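Notes follow the structure.
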Amino acid sequence: MDVRFRLDELVARLGGELVGEPATTVRRVATLDQAGEGDLAFLANPKYQSRVKSCRASAVILAPAARDLSDLPRIIVGDPYSYFARVAQLFNPPEVFAPGVHPGASVASPIPSSVTVAAGASIDTDVELGEQVVIGAGSRIGRGVRIGSGTRINANVTVYHDCVIGAGCIVHAGAVIGSDGFGFARERDGSWIKIPQVGRVVVGDDVEIGANTTIDRGALDDTVIGNGVKLDNQIQIGHNVRVGDNTAIAGCVGVAGSTTIGARCMIGGQAGIIGHLRIADDVVVSSGTLVTKSITRAGVYTANLPVQGHGDWVKNFAHLRHLDALVDRIRALEQRLEESTPE
Amino acid sequence: MDVRFRLDELVARLGGELVGEPATTVRRVATLDQAGEGDLAFLANPKYQSRVKSCRASAVILAPAARDLSDLPRIIVGDPYSYFARVAQLFNPPEVFAPGVHPGASVASPIPSSVTVAAGASIDTDVELGEQVVIGAGSRIGRGVRIGSGTRINANVTVYHDCVIGAGCIVHAGAVIGSDGFGFARERDGSWIKIPQVGRVVVGDDVEIGANTTIDRGALDDTVIGNGVKLDNQIQIGHNVRVGDNTAIAGCVGVAGSTTIGARCMIGGQAGIIGHLRIADDVVVSSGTLVTKSITRAGVYTANLPVQGHGDWVKNFAHLRHLDALVDRIRALEQRLEESTPE
Amino acid sequence: MDVRFRLDELVARLGGELVGEPATTVRRVATLDQAGEGDLAFLANPKYQSRVKSCRASAVILAPAARDLSDLPRIIVGDPYSYFARVAQLFNPPEVFAPGVHPGASVASPIPSSVTVAAGASIDTDVELGEQVVIGAGSRIGRGVRIGSGTRINANVTVYHDCVIGAGCIVHAGAVIGSDGFGFARERDGSWIKIPQVGRVVVGDDVEIGANTTIDRGALDDTVIGNGVKLDNQIQIGHNVRVGDNTAIAGCVGVAGSTTIGARCMIGGQAGIIGHLRIADDVVVSSGTLVTKSITRAGVYTANLPVQGHGDWVKNFAHLRHLDALVDRIRALEQRLEESTPE
Numbered sequence: 001m002d003v004r005f006r007l008d009e010l011v012a013r014l015g016g017e018l019v020g021e022p023a024t025t026v027r028r029v030a031t032l033d034q035a036g037e038g039d040l041a042f043l044a045n046p047k048y049q050s051r052v053k054s055c056r057a058s059a060v061i062l063a064p065a066a067r068d069l070s071d072l073p074r075i076i077v078g079d080p081y082s083y084f085a086r087v088a089q090l091f092n093p094p095e096v097f098a099p100g101v102h103p104g105a106s107v108a109s110p111i112p113s114s115v116t117v118a119a120g121a122s123i124d125t126d127v128e129l130g131e132q133v134v135i136g137a138g139s140r141i142g143r144g145v146r147i148g149s150g151t152r153i154n155a156n157v158t159v160y161h162d163c164v165i166g167a168g169c170i171v172h173a174g175a176v177i178g179s180d181g182f183g184f185a186r187e188r189d190g191s192w193i194k195i196p197q198v199g200r201v202v203v204g205d206d207v208e209i210g211a212n213t214t215i216d217r218g219a220l221d222d223t224v225i226g227n228g229v230k231l232d233n234q235i236q237i238g239h240n241v242r243v244g245d246n247t248a249i250a251g252c253v254g255v256a257g258s259t260t261i262g263a264r265c266m267i268g269g270q271a272g273i274i275g276h277l278r279i280a281d282d283v284v285v286s287s288g289t290l291v292t293k294s295i296t297r298a299g300v301y302t303a304n305l306p307v308q309g310h311g312d313w314v315k316n317f318a319h320l321r322h323l324d325a326l327v328d329r330i331r332a333l334e335q336r337l338e339e340s341t342p343e
Numbered sequence: 001m002d003v004r005f006r007l008d009e010l011v012a013r014l015g016g017e018l019v020g021e022p023a024t025t026v027r028r029v030a031t032l033d034q035a036g037e038g039d040l041a042f043l044a045n046p047k048y049q050s051r052v053k054s055c056r057a058s059a060v061i062l063a064p065a066a067r068d069l070s071d072l073p074r075i076i077v078g079d080p081y082s083y084f085a086r087v088a089q090l091f092n093p094p095e096v097f098a099p100g101v102h103p104g105a106s107v108a109s110p111i112p113s114s115v116t117v118a119a120g121a122s123i124d125t126d127v128e129l130g131e132q133v134v135i136g137a138g139s140r141i142g143r144g145v146r147i148g149s150g151t152r153i154n155a156n157v158t159v160y161h162d163c164v165i166g167a168g169c170i171v172h173a174g175a176v177i178g179s180d181g182f183g184f185a186r187e188r189d190g191s192w193i194k195i196p197q198v199g200r201v202v203v204g205d206d207v208e209i210g211a212n213t214t215i216d217r218g219a220l221d222d223t224v225i226g227n228g229v230k231l232d233n234q235i236q237i238g239h240n241v242r243v244g245d246n247t248a249i250a251g252c253v254g255v256a257g258s259t260t261i262g263a264r265c266m267i268g269g270q271a272g273i274i275g276h277l278r279i280a281d282d283v284v285v286s287s288g289t290l291v292t293k294s295i296t297r298a299g300v301y302t303a304n305l306p307v308q309g310h311g312d313w314v315k316n317f318a319h320l321r322h323l324d325a326l327v328d329r330i331r332a333l334e335q336r337l338e339e340s341t342p343e
Numbered sequence: 001m002d003v004r005f006r007l008d009e010l011v012a013r014l015g016g017e018l019v020g021e022p023a024t025t026v027r028r029v030a031t032l033d034q035a036g037e038g039d040l041a042f043l044a045n046p047k048y049q050s051r052v053k054s055c056r057a058s059a060v061i062l063a064p065a066a067r068d069l070s071d072l073p074r075i076i077v078g079d080p081y082s083y084f085a086r087v088a089q090l091f092n093p094p095e096v097f098a099p100g101v102h103p104g105a106s107v108a109s110p111i112p113s114s115v116t117v118a119a120g121a122s123i124d125t126d127v128e129l130g131e132q133v134v135i136g137a138g139s140r141i142g143r144g145v146r147i148g149s150g151t152r153i154n155a156n157v158t159v160y161h162d163c164v165i166g167a168g169c170i171v172h173a174g175a176v177i178g179s180d181g182f183g184f185a186r187e188r189d190g191s192w193i194k195i196p197q198v199g200r201v202v203v204g205d206d207v208e209i210g211a212n213t214t215i216d217r218g219a220l221d222d223t224v225i226g227n228g229v230k231l232d233n234q235i236q237i238g239h240n241v242r243v244g245d246n247t248a249i250a251g252c253v254g255v256a257g258s259t260t261i262g263a264r265c266m267i268g269g270q271a272g273i274i275g276h277l278r279i280a281d282d283v284v285v286s287s288g289t290l291v292t293k294s295i296t297r298a299g300v301y302t303a304n305l306p307v308q309g310h311g312d313w314v315k316n317f318a319h320l321r322h323l324d325a326l327v328d329r330i331r332a333l334e335q336r337l338e339e340s341t342p343e
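Residue numbers (UniProt numbering), protein chains in the order written: chain E, 1 to 343; chain G, 1 to 343; chain S, 1 to 343.
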């Protein structure tokens, strides 16, 4: 596939102000450093503006404040990064799959003829698939599942019975949607009685779910993932969690049961949120931070440790085990100084 | 499926004292807040007792101390949460699978006729399956594996050769049992020689293993998961780990090789336990805590950080890098005060 | 399979100095504690040397400094652990798979006759496999993938289109190679535009990839895993990460996008490395440590917390939220003491 655009074509489609030769043709997007002949580069972060001068791209996307940093043909737009994303989508349209059911797949529900089902996939009874849904190789779609149009399920994904996935979603390989929540009642002897998990997982539209991410079904009610939510790889979402629209969660995050996360939040990698909390809209949680109480106001929240050379760490962190005693010593000092200082 | 019970039927099956109309019929369990006509609610946590008054359930499960909080028909029992779990099981019996091997499955061992093997599953040679075992779609059961009666393996699970899983277990989608432990000897040039991992994973009875959880096979001896152990999603268990009976481990926990965890422990989400440790029985580890030394006594153990607004965090945590210097300053103050204070 | 070696045969193959009866025959390797008749034990860690005396193995591998700790037949070598690994490989050669394509597999590319493809596996078009490659049950090899000779892909692995895996690699069950990186541009309304991920994952030779580990494809350029790299289970590698030769990463580690890790590094379990950093060669990161800045020099780096009984933790860690105020109090004390002490 050879996709080329003239700059004036791009501006006609996506907007922006064109400076320089309109017939300049570009075939790819590229970073400032690596761009060459035929590439369209972009400056998203002002910190890299020194690289614009030496950039060898055929054209560049710049913010208004940076318009004179280059003599190259250029497109001036308010948000070069989002513009770059749109151009990249033009150059790299989603793969088109030939519709049809692979002879090595097993399909037990009527499905639209525009649907693609790959080798080794299996679709149980009472499943409803929208138009142009793609079910990847080896994936399992459980009984009663509903999936909206255009959603693409990659290989070796498991969707448990009765779960709902919206339209325009992407689910990456190895993801598991609708496994039982971790719900047990404890007996006096320490053994556990399983609490049946009878809720579902309900995923909105335009959601992306990363590879090997797991989302448990609700215990009594549903687990709900809002529209436009982006989940990276290896995330664990507990039962009855609710994630608000357009919230993005980075890799390896764990969210324990019954926690509600607001809209437009950004949760950093390896962060954790314990159960039964409420996180407000527009909250940013830094990487590696464990959230142990509800957050009621938008803002950035952090609790992680400054990395050190091991020797320094041994010296410094040993005191953490005795911080309370240290505070006592300071208090004693204050008191003695108070007593010994005549007013 | 429409399952209904009269309260006197429930008490006849599960015990408890019935207060109010014995013929009251319930069809579901529900939380105090969401319960309505036909629902059986429960008060497990005294903190929610104010909600009992306004509860619109048809009946409610209460502890003896709470028996007069409601005028609704009610069942009085010592542990309402565990009673609720048993009622929920009555209302939601495990799915019954039609026995038989799907034509899209591959089975290379003789198996009982009561076993269910779903589409795309494959069972290697020398496998022994108990009665009514269920092997989910796309799952792989390796050579020489033994699985006890009634165990249900969900979709896309992999069990490596020679591993043993007990009876009455549930293994969720994407779990991997018996992959090689992470064992290498380092050469002088920094390259690694693989140490063959020739132990097995041996899983007891009534164990639940969460989605995408991984349990490595032992290096020389076995990795052992005791009876009644409950493992949440995305847990990593290293080679030669031993987990005692009825221990419960929450999501995203990592346990490094050769560590032994006692019985009836509870390990919080995203906790980590390094290798070659011994954790006593009845130990509780808080979420996000890294255990770096053996724990010899029952109790609750914690090491995680209080989350803060990012600005406060920057101010406070910068000092962590200099805690040792801070202690030196306190010591100097104490000394000077000692010297300047005549006895 | 019954594999036996005389000690003189082992020394002829692997080197070392033989002390004692050359015809002593061993059938297995074992730990000092568990070894018995027919076993070859080893002392790798001087800390266990008291166990050599009571060891009941038929023979033992010792370092020169330990040569007189035992009267057993013994092999004296500079690095007993690496010698043990080599002996263990002799006793436990890798499984030999019968070549051929299982009738339940789907293969859409021409492949060498020495390749093994198990039940339920599917291989897309334009795939190139080396000699004796093994593709496990239910695994998916995407379009245009290249895999070098002798590489073994276990069950339910997914390799996305166009990725490259070298020779002699082992990929464990559930691993995902080449899923989309987590790349989105944010719109003003908080919604996200997907940035097409058009790079590949390129994995070197002799790499081991653990169960359910995920490696994202690059955004524009490739994600690169060097030769001899060892990745444990449940690791997440973000897009455009580069991992240097012979680096070993333990379980549950997350490496965020565009970070470069040097050669021969060792990253402890549950550690995290944020994006866009550079980690030098020969860096060791302790378990549970979050690396938030580049590391330019070899050495050991740590940031984790000492675990405590919960009560002690509550007392000590509460002060962390007020460390800045504590430092102010110390400063005030110093100042007052300065003022009150006449020079």
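Every residue gets a Cβ at the ideal spot worked out from N, C-alpha and C, and that includes glycine.
These numbers come from a predicted model, not from an experiment.
Supposed close pair residue i, residue j - CB separation, criterion 8 Å
i, j, result
"Ile235 (chain E)", "Thr223 (chain E)", "Contact flag wrong, Cβ pair sits at about 13 Å."
"Thr31 (chain G)", "Ala41 (chain G)", "7 Å"
"His276 (chain G)", "Ser286 (chain E)", "At roughly 32 Å, the Cβ-Cβ gap does not stay under 8 Å, so His276 (chain G) and Ser286 (chain E) are not in contact."
"Val283 (chain E)", "Ser258 (chain E)", "Not really, about 17 Å apart at Cβ, beyond 8 Å."
"Val139 (chain S)", "His102 (chain E)", "Checking the sequence shown, residue 139 (chain S) turns out to be Ser, not Val. That belief does not hold up - the Cβ atoms of Ser139 (chain S) and His102 (chain E) are roughly 15 Å apart, past 8 Å."
"Val134 (chain G)", "Thr158 (chain G)", "Not confirmed; about 16 Å, so no contact."
Per-residue burial, residue i [other beta carbons within 10 Å of its own, 16 or more giving buried]
i, result
"His239 (chain G)", "buried"
"Lys47 (chain G)", "exposed"
"Gln34 (chain S)", "exposed"
"Ser294 (chain E)", "exposed"
"Lys53 (chain G)", "exposed"
"Val202 (chain S)", "buried"
"Gly130 (chain E)", "buried"
"Ser340 (chain S)", "exposed"
"Asn246 (chain G)", "buried"
"Asn156 (chain E)", "buried"
Cross-strand partners of residue i (DSSP beta bridge)
i, result
"Asp39 (chain S)", "S:Arg28"
"Ala57 (chain G)", "According to DSSP, which records beta bridges pairwise, Ala57 (chain G) is partnered with nothing at all."
"Val117 (chain G)", "G:Val101, G:Ile135"
- Message: As an exercise, report each continuous beta strand (DSSP E) stretch of at least 3 residues that is fully enclosed by the region 165–224 of chain S, in chain order.
- Response: As far as the region 165–224 of chain S is concerned, its whole beta strand (DSSP E) runs of at least 3 residues are 176–179, 184–186, 192–194, 201–203, 214–216.
- Message: Any C-beta of chain S within less than 9 Å: which residues of the region 98–120 of chain E qualify?
- Response: If the cut-off is 9 Å between Cβ atoms, the region 98–120 of chain E has His102, Pro103, Gly104, Ala118, Ala119, Gly120 near chain S.
- Query: Relative to chain S, which residues along the region 234–256 of chain E have a C-beta separation below 7 Å, given in chain order?
  - Reply: Shown in chain order are the members of the region 234–256 of chain E whose Cβ falls below 7 Å from a Cβ of chain S: Gln234, Asn246, Ala248, Ala250, Gly251, Cys252.
- Listed from N- to C-terminal order along the chain, which residues in the region 317–336 of chain G have their beta-carbon within a distance smaller than 8 Å of any beta-carbon of chain E? Taking 8 Å as the Cβ-Cβ cut-off against chain E, the residues of the region 317–336 of chain G that qualify are Phe317, Ala318, Leu320, Arg321, His322, Leu323, Asp324, Leu326, Val327, Ile330, Leu333, Glu334.
- Task: Taking only beta carbons into account, state which residues of the region 158–175 of chain G come closer than 7 Å to chain E, listed in chain order.
- Result: Listed in sequence order: His172, Ala173, Gly174.
- Entirely within the region 294–321 of chain E and at least 3 residues each: give me those beta strand (DSSP E) ranges in chain order. Annotation: the region 294–321 of chain E contains the following complete segments of the beta strand (DSSP E) (minimum length 3 residues), in chain order: 299–302.
- What residues in the region 29–52 of chain S have a beta carbon less than 9 Å from any beta carbon of chain G? Under the 9 Å Cβ criterion, the region 29–52 of chain S contributes Val29, Ala30, Thr31, Gln34, Ala44.
- When you check each C-beta in the region 304–316 of chain S against every C-beta of chain G, which residues fall closer than 7 Å? Those would be Asn304, Leu305, Pro306, Val307, Gln308, Gly309, His310, Trp313, in chain order.
- What residues from the region 49–73 of chain E come within 9 Å of chain G, judged by C-beta to C-beta, listed N to C? Residues of the region 49–73 of chain E with a C-beta less than 9 Å from any C-beta of chain G: none at all.
- Identify each residue in the region 269–302 of chain E for which the Cβ-Cβ distance to at least one residue of chain S is less than 7 Å, and report them in chain order. Listed by position along the chain: Gly269, Gln270, Ser287, Gly288.
- Along the region 133–154 of chain S, what residues have a CB closer than 8 Å to any CB found in chain C? Looking at the structure shown, chain C is missing, and the protein chains on hand are E, G and S.
- Query: Which residues, in order along the region 76–89 of chain E, keep a beta-carbon less than 7 Å from a beta-carbon of chain G?
  - Reply: Residues are counted here when their Cβ sits less than 7 Å from a Cβ of chain G; for the region 76–89 of chain E the count is zero.
- Scan the region 192–203 of chain E for residues whose Cβ lies nearer than 8 Å to a Cβ of chain G and list them as they occur along the chain. Only Trp192, Ile193, Lys194, Ile195, Pro196, Val198 from the region 192–203 of chain E bring a Cβ to less than 8 Å from some Cβ of chain G.
- Query: Listed in chain order, which residues of the region 208–234 of chain S have Cβ atoms closer than 8 Å to some Cβ of chain G?
  - Reply: For the region 208–234 of chain S, the set of positions with a beta-carbon nearer than 8 Å to some beta-carbon of chain G reads Glu208, Gly210, Ala211, Asn212, Gly228, Lys230, Asp232, Asn233, Gln234 in chain order.
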